[in-house]
Ligand code: MEV
């Protein structure tokens, strides 16, 4: 049997970091995806190839060892932990492709995790519901990263524009009938999500009286933004993104490169722009309802650029050979 599953990357519009402390957040699935193909390995090994990162490796299922000499093999941990959730250990070939930057704050690890769980479970003739896929995928992120909100894995599983309620109690799809044209700018250096979360936590522990109100304000921004999005109030969405960016800077997850991109986008045209994801390297998002091309060309002069829109499609599975 040969199965392929894919899942979208995501961009957080509002509420990153605060969401780790149970605050609400809004994120969109991007029309950029990770693809995971699985088929039988006759040597009874679990063999993983990621051509785009030049990664080839074996996974020792029993003792959890990853055998690969690639310097970028960190992503294999997500793949191994995902396979363990839904596979018995028999031989498997896994090939991962993507049209998203890896480790750039766009939920690439969540997209690969969701697609791996979906492909391997289908390969094993198990039809998991989206609720189950999202649950396993969040468990994988927690095991690998130690700390993670369910936001990335939820958006990758369900697609669309998602409001994750306070305390992650409920996932609400924000139904809109207009596009959300965005530009993502991303650096070559990657932020380490786990470390950034720890750094923010240390700051919160040291200055609770200062940092807690920042999270409370981010919560208010996210709630206002939800209304603005539902009412298609573009100006308000942009203003709230800019305020959210200032607070992410205050939390210490900004860098000079991210800051340069945020202001380059704002100076090039009408947009709201902010860090998206964990920060510390990684990506910015600029929401540009008008004049997107000027902003793309200004950002291209300084960093890597991706034009994207919201994708309604979450995880997708197809059997290539039965
Ligand atoms: C990472 O994409 C977003 C963070 O809020 C972490 C998380 O939600 O798990 C920084």
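Residue numbers (our numbering): 1 to 322.
All C-beta atoms, glycine included, are put in the ideal place defined by N, C-alpha and C.
Since this is a predicted model, take the numbers as computed values, not measurements.
Cβ pair residue i, residue j closer than 7 Å
i: residue 151; j: residue 27; result: yes
i: residue 46; j: residue 67; result: no
i: residue 31; j: residue 311; result: yes
i: residue 51; j: residue 164; result: no
i: residue 157; j: residue 57; result: no
i: residue 193; j: residue 15; result: no
i: residue 81; j: residue 42; result: no
i: residue 211; j: residue 204; result: yes
i: residue 319; j: residue 3; result: yes
i: residue 323; j: residue 289; result: Nothing can be reported for residue 323: it is not among the residues displayed for the chain, which extend from 1 to 322.
Cutoff 7 Å: residue i Cβ touching any chain C Cβ
i: residue 115; result: Structure shown: chain C not included; a single protein chain is present.
Euclidean distance between Cα positions of residue i and residue j
i: residue 155; j: residue 308; result: 15 Å
i: residue 39; j: residue 62; result: 20 Å
i: residue 55; j: residue 73; result: 7 Å
i: residue 254; j: residue 200; result: 12 Å
i: residue 245; j: residue 187; result: 17 Å
i: residue 1; j: residue 182; result: 38 Å
i: residue 167; j: residue 22; result: 4 Å
i: residue 227; j: residue 286; result: 19 Å
i: residue 175; j: residue 230; result: 7 Å
i: residue 325; j: residue 88; result: Lying outside 1 to 322, the shown extent of the chain, residue 325 is not represented and no answer is given.
i: residue 146; j: residue 138; result: 11 Å
i: residue 291; j: residue 277; result: 24 Å
i: residue 218; j: residue 149; result: 16 Å
i: residue 13; j: residue 136; result: 24 Å
i: residue 236; j: residue 306; result: 24 Å
i: residue 243; j: residue 266; result: 13 Å
i: residue 102; j: residue 70; result: 15 Å
i: residue 11; j: residue 125; result: 32 Å
i: residue 64; j: residue 321; result: 29 Å
i: residue 180; j: residue 270; result: 14 Å
i: residue 18; j: residue 224; result: 15 Å
i: residue 293; j: residue 161; result: 23 Å
i: residue 159; j: residue 209; result: 36 Å
Cut-off 6 Å between Cβ atoms - residues of its own chain near residue i, not counting five sequence neighbours on either side
i: residue 115; result: 5, 6, 7, 34, 36
i: residue 298; result: 264, 268
i: residue 110; result: 152, 153, 156
i: residue 94; result: 38, 48
i: residue 317; result: 5, 118, 122
i: residue 100; result: 9, 32, 106, 108
i: residue 134; result: 153, 154, 157
i: residue 189; result: 281
i: residue 79; result: 48, 116
i: residue 257; result: 187
Any non-hydrogen atom of the ligand HEM within 6 Å of residue i CB
i: residue 205; result: For the ligand HEM, the structure offers nothing, since it holds only the ligand MEV.
8 Å contact criterion, which residue i and residue j should meet: CB distance rounded
i: residue 239; j: residue 279; result: No, residue 239 and residue 279 are not in contact; Cβ-Cβ is about 20 Å, not under 8 Å.
i: residue 20; j: residue 172; result: Not a contact, Cβ separation roughly 19 Å.
i: residue 106; j: residue 283; result: 6 Å
i: residue 77; j: residue 144; result: 5 Å
i: residue 112; j: residue 131; result: That belief does not hold up - the Cβ atoms of residue 112 and residue 131 are roughly 20 Å apart, past 8 Å.
i: residue 274; j: residue 241; result: 5 Å
Contact set for residue i: own chain, Cβ-Cβ below 7 Å, skip 5 residues either direction
i: residue 214; result: 247, 250, 251
i: residue 90; result: 44
i: residue 261; result: 185, 284, 299, 302, 303
i: residue 142; result: 148
i: residue 191; result: 105, 278, 279, 280, 281, 282
i: residue 178; result: 232
i: residue 295; result: 183, 265, 268, 269, 271, 286, 288
i: residue 216; result: none
Same chain only: Cβ atoms within 8 Å of residue i, ignoring 5 sequence neighbours per side
i: residue 83; result: 46, 59, 61, 92, 94, 116, 120
i: residue 53; result: 70, 72, 75, 102
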